[in-house]
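**Student:** Sharing a structure here in structure tokens format.
Protein chains: 2
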Amino acid sequence: MDIPNRDIPIPTIKRLPSYLRLLKQYQEEGQKMVSATTLAEELGLKPIQVRKDISCTGIEGRPKVGFTISRLIDAIVHTLGWDNSTDAILVGAGHLGSALARYEGFDTYGLKIVAAFDIDEVKWGAKLGEVPVYSISDISDYLKAHHVNIGVLAVPAMHAQEVAELLVSCGIMAIWNFAPKDLKLPERVVVQRTDLATSFAVLSAKVKRKISDEDLVSEVDEW
Amino acid sequence: MDIPNRDIPIPTIKRLPSYLRLLKQYQEEGQKMVSATTLAEELGLKPIQVRKDISCTGIEGRPKVGFTISRLIDAIVHTLGWDNSTDAILVGAGHLGSALARYEGFDTYGLKIVAAFDIDEVKWGAKLGEVPVYSISDISDYLKAHHVNIGVLAVPAMHAQEVAELLVSCGIMAIWNFAPKDLKLPERVVVQRTDLATSFAVLSAKVKRKISDEDLVSEVDEW
DNA sequence: TAGATTGTTAATCGATTAACAATC
DNA sequence: TAGATTGTTAATCGATTAACAATC
């Protein structure tokens, strides 16, 4: 019954949220069916790729008609594991941490930030949106009392490694790292970075390419 | 003289900022040379991959010794185009936009946010760190008066497409999109997403895999 | 029916990894 | 010198894309 997630390629996983957003939009607009062709067109992908991706979710379509939007949504949500709610703690209540705590989109992913921790005592007792802020030294006790799967790291790069190790020592098995620092942790810990530097590097590279493409064109024009 | 960036694979581009951070750290610690083996060990990569990546920057090492840290740093910075400063405007001065405007790491990338724009008049005239906030309706005039290459988008998903189109119509050729929305823009515009949903999808998938790995192990153990 | 769209199998493409000679 | 490390060439691996029969 369950489609084994282990075989789904990471590039496919990365595209699933885009499909999901678009499908939900179509659903709100009252549509019932959609073709891979349409999805591809809208997202700038090739139809064949969309079909391949969809087949990973286990959903089958009907030739000429396409896929049932509601079934596709359910399948993607399930494939991503977003149908089970997951609790997370946030460490670091600075500007970025604060923005993450207040972000309302997370419940779409089944993610709930239940508490935040900061080293700065001025912040203790305050709330970031709905999320209470405690002292870093309370992390261990908090994690003993609550079942939390994920640690969201938004501390300065300088402290990222030590905080990560603290979380791991408290039993956290997955870390979403927003600090600009590569963490060195045991194999068994899942780490996912959201690294501005990496993202900007790709943007920079694309811009550079675009410019040299244009140079290329003008060169050719001059021949 | 210049290494043509167009041939450097995107996966390599994505790893360069990690090398750069680590190299700078070694430099601060007073080291002069480093081997690909060491870098690989520290970042959880394979030495062969680090060597391949480094070769893309045009830097050669010395067998048994490794690479000159300062030259490697310069080469990576140049390869990424981070040695030229780039001005950007930010659109959306909410929690995330505010965090981006105040982020001090951008000058490492040669990126400078010179102005922010928001639809909410309460924010006009304020400053996010050093960055002044203006009305969205001032964007066009501002871009006529200042040379800005990049638009940083941190508006609600609902408005992302229209704001992006506005930026493009004002001549912006590269957009760094933090809104959870896939933009549909002309080919010539470079778009880079930093999408929390995508990042979290990968984290979710990795956790799921890890769990089924464990299941697998216990199954095997029972044989 | 005709034609658009699906799902599958095979080919292509590109990145990673292995193998190994060169070298400090 | 011996051995660690480099750079290059070739093999492998995995994702994308093409081709095409099936089908509504």
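Read top to bottom, the protein sequences are chains A and B. Numbering-wise (my numbering), the first sequence opens with residue 20 and increments by one. Numbering-wise (my numbering), the second sequence opens with residue 20 and increments by one. Beta carbons are placed, not taken as given, at the ideal position from N, Cα and C, and that holds for glycine.
Within 10 angstroms of its Cβ, does ALA224/A collect 16 or more other Cβ (buried), or is it exposed?
**Tutor:** buried
**Student:** Are VAL171/A and ILE132/A close, meaning C-beta to C-beta below 8 angstroms?
**Tutor:** Yes, these two residues count as a Cβ contact at 8 angstroms.
**Student:** Please report how far the alpha carbon of GLU47/A lies from the alpha carbon of THR76/A, in whole angstroms.
**Tutor:** 22 angstroms
**Student:** At the level of alpha carbons, what is the spacing between MET20/A and THR105/A?
**Tutor:** Confidence in MET20/A is poor, its pLDDT being 41 and thus under 50, which makes the residue's placement too unreliable to answer from.
**Student:** Are the beta-carbon atoms belonging to VAL110/B and VAL182/B less than 8 angstroms from one another?
**Tutor:** yes
**Student:** Could you tell me whether any Cβ in chain A is nearer than 8 angstroms to the Cβ of PRO151/B?
**Tutor:** No, PRO151/B does not count as interfacial toward chain A.
**Student:** Enumerate in chain order the residues of its own chain whose CB-to-CB distance from ILE230/A is below 8 angstroms, with the five nearest sequence positions on each side excluded.
**Tutor:** none
**Student:** If you draw a straight line from the alpha carbon of LEU147/A to that of LYS83/A, how long is it in whole angstroms?
**Tutor:** 49 angstroms
**Student:** Considering only residues of the same chain and omitting the five flanking positions on each side of SER154/B, which have a CB-CB separation below 6 angstroms?
**Tutor:** TRP143
**Student:** Roughly how many angstroms lie between the CA atoms of ILE88/B and VAL150/B, to the nearest whole one?
**Tutor:** Their Cα atoms are separated by approximately 34 angstroms.
**Student:** Under 9 angstroms, CB to CB, which of the residues in the stretch 33-49 of chain A have a partner in chain B?
**Tutor:** Listed by position, the residues of the stretch 33-49 of chain A near chain B (Cβ gap below 9 angstroms) are LYS33, ARG34, LEU35, PRO36, SER37, LEU39, ARG40, LEU41.
**Student:** Does the distance from the CB of SER37/B to the CB of GLN211/A come in under 8 angstroms?
**Tutor:** Going by C-beta atoms, SER37/B is not nearer than 8 angstroms to GLN211/A.
**Student:** For LEU215/A, which of ASP26/B, ASP126/B, GLU79/B has the nearest alpha-carbon?
**Tutor:** Nearest of ASP26/B, ASP126/B, GLU79/B to LEU215/A, Cα basis: ASP126/B.
**Student:** Along chain B, in chain order, which residues have C-beta atoms closer than 8 angstroms to that of ILE27/A?
**Tutor:** ALA224
**Student:** Which whole-angstrom value is the C-beta distance of ALA179/A and ALA198/A, which I expect to be below 8 angstroms?
**Tutor:** That belief holds up - the Cβ atoms of ALA179/A and ALA198/A are roughly 4 angstroms apart, short of 8 angstroms.
**Student:** In the stretch 114-132 of chain A, which residues sit with their C-beta less than 7 angstroms from some C-beta in chain B, listed in chain order?
**Tutor:** HIS114, LEU115, SER117, ALA118, ARG121, GLY124, TYR128, LEU130
**Student:** Looking at the strands, I want to know which residues DSSP matches up with TYR153/A.
**Tutor:** BP columns for TYR153/A point to PHE136/A.
**Student:** Listed from N- to C-terminal order along the chain, which residues in the stretch 53-85 of chain B have their beta-carbon within a distance smaller than 8 angstroms of any beta-carbon of chain A?
**Tutor:** The stretch 53-85 of chain B vs chain A, Cβ under 8 angstroms: GLU61, LEU62, GLY63.
**Student:** Would PHE219/B pass as an interface residue toward chain A - the criterion being a Cβ-Cβ separation below 8 angstroms?
**Tutor:** yes
**Student:** Taking LEU162/B and GLY190/B to be in contact with their CB atoms under 8 angstroms, please state how far apart those CB atoms are, rounded to whole angstroms.
**Tutor:** 6 angstroms
**Student:** Note down, in chain order, all residues in the stretch 178-209 of chain B with a beta-carbon under 8 angstroms from any beta-carbon belonging to chain A.
**Tutor:** Per Cβ criterion, the list reads MET192, ALA193, TRP195, PRO199, LYS200, ASP201, LYS203, ARG207, VAL209.
**Student:** Quick one, which of ARG121/A, LYS43/A, LYS65/A, ASN103/A has its alpha-carbon nearest VAL226/B's?
**Tutor:** Of the residues ARG121/A, LYS43/A, LYS65/A, ASN103/A, the one whose Cα lies closest to the Cα of VAL226/B is ASN103/A.
**Student:** Would you check if the distance between the CB atom of LEU41/B and the CB atom of GLU61/B is smaller than 8 angstroms?
**Tutor:** yes
**Student:** Under a three-way DSSP split, which group does ASP26/B fall into?
**Tutor:** Here ASP26/B carries a helix assignment [DSSP, helix/strand/coil].
**Student:** Please report whether the beta-carbon of THR87/A lies at a distance below 8 angstroms from any beta-carbon of chain B.
**Tutor:** no
**Student:** Compare the C-beta of GLY100/A with all C-beta atoms of chain B and state if any pair is closer than 8 angstroms.
**Tutor:** yes
**Student:** Within 10 Å of its beta-carbon, does LYS200/B have 16 or more other beta-carbons around it, so buried, or fewer, so exposed?
**Tutor:** By the 10 Å Cβ count, LYS200/B comes out buried.
**Student:** Any beta-carbon of chain B closer than 8 angstroms to the one on ASP214/A?
**Tutor:** Interface residue (Cβ-Cβ distance to chain B less than 8 angstroms): ASP214/A is classified as such.
**Student:** Within the stretch 32-119 of chain A, note down every full alpha helix (DSSP H) run reaching 4 residues or more, in order along the chain.
**Tutor:** Look at the stretch 32-119 of chain A and you find these whole runs of alpha helix (DSSP H), each 4 residues long or longer: 55-62, 66-75, 88-99.
**Student:** Roughly how many whole angstroms lie between the Cα atoms of ILE108/A and ARG121/A?
**Tutor:** One alpha carbon belongs to ILE108/A, the other to ARG121/A, and they sit about 13 angstroms apart.
**Student:** Can you tell me which residues form a DSSP beta bridge with ALA193/A?
**Tutor:** ILE169/A, VAL209/A
**Student:** To the nearest angstrom, report how far apart LEU119/B and ALA176/A are at their CA atoms.
**Tutor:** 16 angstroms
**Student:** According to DSSP, simplified to helix, strand and coil, what is LEU130/A?
**Tutor:** strand
**Student:** Quick one: list the residues of chain B neighbouring LYS163/A, beta-carbon separation under 8 angstroms, in chain order.
**Tutor:** In chain order: nothing, as chain B lies at least about 21 angstroms away.
**Student:** For the candidate residues ASP160/A, ALA112/A, SER159/A, whose alpha-carbon lies nearest to that of ILE138/A?
**Tutor:** ALA112/A
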